[in-house]
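Scroll down for the structure; my scribbles are underneath it.
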Amino acid sequence: QKEVEQDPGPLSVPEGAIVSLNCTYSNSAFQYFMWYRQYSRKGPELLMYTYSSGNKEDGRFTAQVDKSSKYISLFIRDSQPSDSATYLCAMSVTGGGNKLTFGTGTQLKVEL
Amino acid sequence: DGGITQSPKYLFRKEGQNVTLSCEQNLNHDAMYWYRQDPGQGLRLIYYSQIVNDFQKGDIAEGYSVSREKKESFPLTVTSAQKNPTAFYLCASSIGGRQDGYTFGSGTRLTVV
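So the protein sequences, as listed, match chains A and B. Residue numbers for the first sequence, in the numbering used here: 6 to 117. Residue numbers for the second sequence, in the numbering used here: 441 to 553.
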């Protein structure tokens, strides 16, 4: 079993929909949680960064961490065609040399 | 503008050849990383370096080698011992010494011909 599980999709939604992307993990030592967005044939870019449990909001994006359930989510409000990309979750432990463990990524398509 | 530059964007390798992928950063980051990305498998860590002249193996280091002679540069050599080298290779960097997100390069797609 992988340390981080992520549904690969593809997930197809209409423009304007609320999108929910999720990851589960098995290592209870993970403390730092990130979401990256990757457009086709490009490198990932950091979208959201959260420490420990709780919510963080940035514009149309909200990241949630539930450590008791070992479950993290990324919500995208008012989704746009430009949001079409692969979304990768990543996480790391304290003192782990900043080594990130990535999910496999969820492919999202927002249609007009 | 600061960032990470990977070159070339596309690379073709013949069977039995070694090839070197370039990664340069001008972010003054201490730590650098190499990942391999395959469909359905996400990013897998090949090698990482937290300081000049020091590097550690990641999860899939066999068939790869690296050097870190300068802070700005972290080249990856894919040797003939790597039996399945066709993949998308990503270089990343981070400030180091603290838990931080990575800055990624735009990747190199390596194909064996």
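We treat Cβ as the ideally placed atom computed from N, Cα and C, and that holds for glycine.
Test: residue i CB closer than 7 Å to a CB of chain B
i: G110 (chain A); result: yes
i: L51 (chain A); result: yes
i: F66 (chain A); result: no
i: F80 (chain A); result: no
Beta-bridge partners of residue i, as assigned by DSSP
i: I444 (chain B); result: B:Q465
i: Q522 (chain B); result: Paired residues: none, contrary to the question.
i: F544 (chain B); result: B:A532
i: E116 (chain A); result: A:P19
i: N60 (chain A); result: A:Q69
i: S489 (chain B); result: B:M472
Residue from the options whose Cα sits closest to the Cα of residue i
i: A532 (chain B); options: A:Y54, A:P49, A:S17; result: A:P49
i: A521 (chain B); options: B:G443, B:N458, B:R453; result: B:N458
i: T91 (chain A); options: B:G480, B:Q446, B:Y487; result: B:G480
i: C28 (chain A); options: A:A22, A:Y41, A:G21, A:P19; result: A:Y41
i: S505 (chain B); options: B:R484, B:G498, B:Q446, B:V518; result: B:V518
i: V492 (chain B); options: B:L550, B:M472, B:E502, B:G498; result: B:M472
i: L550 (chain B); options: B:S534, B:I535, B:L516, B:D499; result: B:L516
i: A501 (chain B); options: B:S513, B:Y487, B:S507, B:Q465; result: B:Y487
i: T548 (chain B); options: B:G442, B:P448, B:D478; result: B:P448
Neighbour flag for residue i against chain A, beta carbons, 7 Å
i: G482 (chain B); result: yes
i: F544 (chain B); result: yes
i: L530 (chain B); result: yes
i: S513 (chain B); result: no
i: G547 (chain B); result: yes
Exposed unless 16 or more other CB atoms sit within 10 angstroms - verdict on residue i
i: D387 (chain B); result: Nothing can be reported for residue 387 (chain B): it is not among the residues displayed for chain B, which extend from 441 to 553.
i: T460 (chain B); result: exposed
i: S489 (chain B); result: buried
i: I23 (chain A); result: exposed
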